[in-house]
Amino acid sequence: MKDERKTKKQLINELVELRRCIVELEESKAEIKRVEAGLVKEKNFADSAINSLPGIEEFDRRFKPKRKLLVGGEGIPIDKFLSVPALKWFE
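In the numbering used here, each residue's number is its place in the sequence shown (first place is 1) plus 1.
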């Protein structure tokens, strides 16, 4: 229905609903930023932990891995690592 044919009450209700949607989107955007910041922090921590392991530099030199994962300890929980198909870790 075109806006010209809507009653004032219908238009107000639509405006209220659109404003509610905007608030929800803004809250979602803020949550995404919080999650992203947490993921960056975790990645930095994991990278630091991996790079501080004895022998990792030699491993890098010899095998030139494209990706390193820290499993156990402060890294990926072992049960989670083992429950995910191996190819998933290469994505």
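C-beta atoms are modelled at their ideal positions from N, C-alpha and C, and glycine is treated no differently.
query, result
"Cβ pair Phe82, Val72 closer than 8 Å", "yes"
"Option in Glu27, Leu26, Leu40, Phe91 with minimal Cα separation from Ala69", "The identity of residue 69 in the sequence shown is Lys, whereas the question assumes Ala. The shortest Cα separation from Lys69 among Glu27, Leu26, Leu40, Phe91 belongs to Phe91."
"Beta-carbon proximity of Asp4 to Leu12, cut-off 8 Å", "yes"
"Glu75 beta carbon less than 8 Å from that of Ala50", "yes"
"Any alpha helix (DSSP H) of 4 or more consecutive residues that is wholly inside the segment 19–84", "57–64, 79–84"
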